[in-house]
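Step one of this worksheet: look at the structure below.
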Amino acid sequence: MADVESGGDKGGGDKVGGEDVGDDSPAKSTEGHPHRAGSPVSRSGGPPPIIEMRGVGKVFFRGKEPVEVLRNLNLDVPEGSFEALMGPSGSGKSTLLNLIAGLDQPTSGTARVAGHDLVKMNDSELAKFRSRTMGFIFQAYNLLPVLTALENVELPLLLVSLTASERRKRAQTALRVVGLEERMDHYPRQLSGGQEQRVTIARALVNDPTIIVADEPTGDLDRKSADDVLTLLERLNTELKKTILMVTHDPAAAERATVIRRLNKGALE
Amino acid sequence: MNLVSVAAKNVGRNKGRSVMTVLGAAIAIVLFVLLQTVLSAWNVGVEAAAKDRIGTRHKISFILPLPKRYADDIRAVPGVKTATWANWFGGKDPKNPNSFFATMAVDSKTFFDVYDEMKLAPEVKEKWLEDRKGAIVGDVLAKQLAVKVGDRITLSGTIFPGDWQFNVVGIYEATRKSVDRSQFIFHWDYLNESIPEKQRDTIGWVIARIDDPGKGADISATVDRMFDERDIQTATMSEKAMNLSFMAMLSAILKALNIVSVVILFIMTLILGNTIAMGVRERTNEYGVLRAIGFQPKHIVVFILAEAATVGLFSGLVGLALAYPIVELGMGRFLEENMGGFFPYFRIDKSTMAAAVGLGLGLSLAAALIPAYRASKLSVTDALRRIA
Numbered sequence: 001m002a003d004v005e006s007g008g009d010k011g012g013g014d015k016v017g018g019e020d021v022g023d024d025s026p027a028k029s030t031e032g033h034p035h036r037a038g039s040p041v042s043r044s045g046g047p048p049p050i051i052e053m054r055g056v057g058k059v060f061f062r063g064k065e066p067v068e069v070l071r072n073l074n075l076d077v078p079e080g081s082f083e084a085l086m087g088p089s090g091s092g093k094s095t096l097l098n099l100i101a102g103l104d105q106p107t108s109g110t111a112r113v114a115g116h117d118l119v120k121m122n123d124s125e126l127a128k129f130r131s132r133t134m135g136f137i138f139q140a141y142n143l144l145p146v147l148t149a150l151e152n153v154e155l156p157l158l159l160v161s162l163t164a165s166e167r168r169k170r171a172q173t174a175l176r177v178v179g180l181e182e183r184m185d186h187y188p189r190q191l192s193g194g195q196e197q198r199v200t201i202a203r204a205l206v207n208d209p210t211i212i213v214a215d216e217p218t219g220d221l222d223r224k225s226a227d228d229v230l231t232l233l234e235r236l237n238t239e240l241k242k243t244i245l246m247v248t249h250d251p252a253a254a255e256r257a258t259v260i261r262r263l264n265k266g267a268l269e
Numbered sequence: 270m271n272l273v274s275v276a277a278k279n280v281g282r283n284k285g286r287s288v289m290t291v292l293g294a295a296i297a298i299v300l301f302v303l304l305q306t307v308l309s310a311w312n313v314g315v316e317a318a319a320k321d322r323i324g325t326r327h328k329i330s331f332i333l334p335l336p337k338r339y340a341d342d343i344r345a346v347p348g349v350k351t352a353t354w355a356n357w358f359g360g361k362d363p364k365n366p367n368s369f370f371a372t373m374a375v376d377s378k379t380f381f382d383v384y385d386e387m388k389l390a391p392e393v394k395e396k397w398l399e400d401r402k403g404a405i406v407g408d409v410l411a412k413q414l415a416v417k418v419g420d421r422i423t424l425s426g427t428i429f430p431g432d433w434q435f436n437v438v439g440i441y442e443a444t445r446k447s448v449d450r451s452q453f454i455f456h457w458d459y460l461n462e463s464i465p466e467k468q469r470d471t472i473g474w475v476i477a478r479i480d481d482p483g484k485g486a487d488i489s490a491t492v493d494r495m496f497d498e499r500d501i502q503t504a505t506m507s508e509k510a511m512n513l514s515f516m517a518m519l520s521a522i523l524k525a526l527n528i529v530s531v532v533i534l535f536i537m538t539l540i541l542g543n544t545i546a547m548g549v550r551e552r553t554n555e556y557g558v559l560r561a562i563g564f565q566p567k568h569i570v571v572f573i574l575a576e577a578a579t580v581g582l583f584s585g586l587v588g589l590a591l592a593y594p595i596v597e598l599g600m601g602r603f604l605e606e607n608m609g610g611f612f613p614y615f616r617i618d619k620s621t622m623a624a625a626v627g628l629g630l631g632l633s634l635a636a637a638l639i640p641a642y643r644a645s646k647l648s649v650t651d652a653l654r655r656i657a
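As they're listed, the protein sequences go chains A and B.
For the first sequence, my numbering begins at 1 and goes up steadily by one.
For the second sequence, my numbering begins at 270 and goes up steadily by one.
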């Protein structure tokens, strides 16, 4: 897969936390990662970032005690990038991913994703936003066991005005993209972990979302299956131009992303 | 594929639990159907009452007698076509004293004119009128007493003590399913002549046929007014009301049956509610996934309700499928043949069938409302974090 230089390919004028960082951002990782960035990437005068977060904070309550999970976080993600979010457990990776995906709302700050101001949206609007803009890949696959691979992929299309045959056709296409055309009528229990995750990817893809969020997509897979899934994500990024945000603990998985961001104690490094 | 069909498929996910739940609820439905059938069988006489018949009884109670001459007075009331009378005899088969059947001393000349749903061939009627000890029985009772036309039978009198001999001269034909086919009918004259003189010339009640059913209330009022100034006053009412007043004596039993029905349905709701709540808890993570990919809270409610409706519908249908042979092929026949006096027609009626399926469905939906509401109110991230 072509190594997309976030700074180089996307242009200069990048920002970190809303500040200009120069043309060569993000910086290369000393650990051999293709790129390492705690910084948002944007180009002055270029298209606005597809994800734009400003001063975002998130506080949860454990009983009556507030727990600050994210604090004053600024993030710009350019359209078409493939970014990995890394960090220790409890650093706020999944919380950030949830905020970007419209699954949760920040306690403070603004979050603008694909032109939508998520903070101002109500529950119903957020649901519509997710169904049209986001594709989800979960660590535990989360397929419905009573549905075949094809039916699982078809599921998000129930929210779209399509005929049954159109839905089926699109679901078949999505499964073909992930290389599972031979397994369409198999139930999740009849598939391997890697195949299940590919069905999940097809489900994430079927609505033609702008952004795909993946929370530990390879966490439950062996190396070979994980590589297949990551290769698939790379293809979605390069061939279908999907913006992908992936939370991972696995450095090998993160290496496949074009940008790596690190979170620590609720702040981007 | 749609959300409802996906939810319905979920029912088959934990087959063991679903089967147990459906069976548990189905057994409750069977009990409900049986109790409702008892109630409707008990009411069948009320429901089948002729609209053009009115009944006159003692104003104070059914069990108190009227003077026989009242029947002639009633026949003279404008609007009354014909009238007959009867007396409850309370006969028992000495060989089987616990077996109940209706034994009535009737005005043999007019009885079958007023009760024309009980058919008797003219030659049989003629023969009966000639035989003072002649009796007409229903086919079910004839079988129960093991008698046929031409046989002699002795009954023990409970209201009029002693051994009473009868000749079986005919079997009446029931032209409506509501007719009790286990009645024993004989001449009132035979009774009247055989009892002590001071008890003579009294009757239990008078039943009259009227010209216009719409004037039943007016004619009833006229009849009662006629006897207002006499020693014994009357209460005249439609046949349906008369049957109901007889049923009122059993009201405590009927009320108890209704209460038991409600308790059974409540237990069924608890069974269904528990299963649905368990299923919802186990699948919270999946609801989180559905919400994440764009389904709204209302979709989650539909999803859970559809699953509950499937279980409820199955429970209703399975319950009905179990109850049907029990009633139609076993219990119904047995009761009609052995307790025809109480249950002349013991079959599941259509309204009970509809109620069984409807209640299975409705109560299942009701049981799912709270789990569905709670699931729909969960935040997406909380739901996604839940592990079954």
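From the three backbone atoms N, C-alpha and C, an ideal C-beta is built for every residue, glycine too.
Taking Cβ positions, are residue i and residue j nearer each other than 8 Å?
{"i": "M53 (chain A)", "j": "R262 (chain A)", "result": "no"}
{"i": "A477 (chain B)", "j": "I298 (chain B)", "result": "no"}
{"i": "R256 (chain A)", "j": "L230 (chain A)", "result": "yes"}
{"i": "T423 (chain B)", "j": "Q434 (chain B)", "result": "yes"}
{"i": "Q502 (chain B)", "j": "K328 (chain B)", "result": "yes"}
{"i": "A577 (chain B)", "j": "L634 (chain B)", "result": "yes"}
{"i": "I134 (chain A)", "j": "I211 (chain A)", "result": "According to the sequence shown, residue 134 (chain A) is Met rather than Ile. Yes, the Cβ-Cβ distance between M134 (chain A) and I211 (chain A) is below 8 Å."}
{"i": "A276 (chain B)", "j": "F564 (chain B)", "result": "no"}
{"i": "A587 (chain B)", "j": "R616 (chain B)", "result": "Residue identity check: residue 587 (chain B) is Val in the sequence provided, not Ala. No. Outside cutoff."}
{"i": "S225 (chain A)", "j": "G193 (chain A)", "result": "yes"}
{"i": "V580 (chain B)", "j": "V291 (chain B)", "result": "yes"}
{"i": "L232 (chain A)", "j": "R183 (chain A)", "result": "no"}
{"i": "L513 (chain B)", "j": "W311 (chain B)", "result": "no"}
{"i": "K402 (chain B)", "j": "N436 (chain B)", "result": "yes"}
{"i": "P613 (chain B)", "j": "S447 (chain B)", "result": "yes"}
{"i": "A340 (chain B)", "j": "A355 (chain B)", "result": "no"}
Within 10 angstroms of the Cβ of residue i, are there 16 or more other Cβ atoms? Answer buried if so, exposed if not.
{"i": "L632 (chain B)", "result": "buried"}
{"i": "F61 (chain A)", "result": "exposed"}
{"i": "L300 (chain B)", "result": "buried"}
{"i": "G485 (chain B)", "result": "buried"}
{"i": "L333 (chain B)", "result": "exposed"}
{"i": "R445 (chain B)", "result": "exposed"}
{"i": "A254 (chain A)", "result": "buried"}
{"i": "G419 (chain B)", "result": "exposed"}
{"i": "I440 (chain B)", "result": "buried"}
{"i": "S287 (chain B)", "result": "buried"}
{"i": "Q190 (chain A)", "result": "exposed"}
{"i": "N98 (chain A)", "result": "buried"}
{"i": "K394 (chain B)", "result": "buried"}
{"i": "F603 (chain B)", "result": "exposed"}
Looking only at its own chain, which residues have a Cβ that is under 8 Å from the Cβ of residue i, when we skip the five neighbours before and after it?
{"i": "L162 (chain A)", "result": "R170"}
{"i": "L534 (chain B)", "result": "A297, F301, L628 and L632"}
Who are the near neighbours of residue i in its chain, counting only those whose CB is closer than 7 Å to its CB and skipping five residues on each side?
{"i": "F138 (chain A)", "result": "T200 and D215"}
{"i": "K350 (chain B)", "result": "R478, I479 and D480"}
{"i": "L156 (chain A)", "result": "Checking the displayed sequence, the identity of residue 156 (chain A) turns out to be Pro instead of Leu. The answer, listed in chain order, is S131, R203, V206 and N207."}
{"i": "P640 (chain B)", "result": "I545, A546, V549 and I573"}
Run through the DSSP bridge pairs and tell me what residue i is partnered with.
{"i": "S442 (chain B)", "result": "Note that residue 442 (chain B) is Glu in the sequence shown here, rather than Ser. According to DSSP, E442 (chain B) bridges with B:K388."}
{"i": "K361 (chain B)", "result": "B:S425"}
{"i": "I573 (chain B)", "result": "Paired residues: none, contrary to the question."}
{"i": "I298 (chain B)", "result": "Paired residue(s): none; I298 (chain B) is not in a bridge."}
{"i": "I137 (chain A)", "result": "A:A214"}
{"i": "R262 (chain A)", "result": "A:M86"}
{"i": "T243 (chain A)", "result": "A:I211"}
{"i": "A374 (chain B)", "result": "B:N356 and B:F455"}
{"i": "V404 (chain B)", "result": "The sequence given here has Ala at residue 404 (chain B), not Val. Answer by DSSP bridge pairing, in chain order: B:V437 and B:F455."}
With a CB to CB cut of under 6 Å and the five nearest residues on each side skipped, what residues in its chain are close to residue i?
{"i": "H186 (chain A)", "result": "A149"}
{"i": "E31 (chain A)", "result": "The predicted position of E31 (chain A) is uncertain, since its pLDDT is 36 and thus under 50; no value can be drawn from it."}
{"i": "F380 (chain B)", "result": "T353"}
{"i": "N264 (chain A)", "result": "G87 and S91"}
{"i": "F496 (chain B)", "result": "Q502 and T503"}
{"i": "N209 (chain A)", "result": "According to the sequence provided, residue 209 (chain A) is Pro. The question's Asn does not apply to it. Here the set comprises T133, M134 and G135."}
{"i": "N237 (chain A)", "result": "F82 and I244"}
Ranges of the beta strand (DSSP E) found wholly within the stretch 44-130 of chain A, counting only runs of at least 3: 51-62, 65-77, 82-86 and 108-113
Let me know the beta strand (DSSP E) ranges lying completely inside the stretch 498-551 of chain B, each 3 residues or longer, listed in chain order. If you keep only unbroken beta strand (DSSP E) runs of at least 3 residues inside the stretch 498-551 of chain B, you get 503-507.
Taking only runs of the beta strand (DSSP E) that begin and end inside the stretch 434-480 of chain B, which ones reach a length of at least 3 residues, in chain order? 452-456 and 474-479
Could you tell me which uninterrupted beta strand (DSSP E) segments, each at least 3 residues in length, are contained entirely in the stretch 301-371 of chain B, listed from first to last along the chain? 322-327 and 349-357
Unbroken beta strand (DSSP E) runs of length 3 or more, entirely within the stretch 131-181 of chain A: which are they? 134-137
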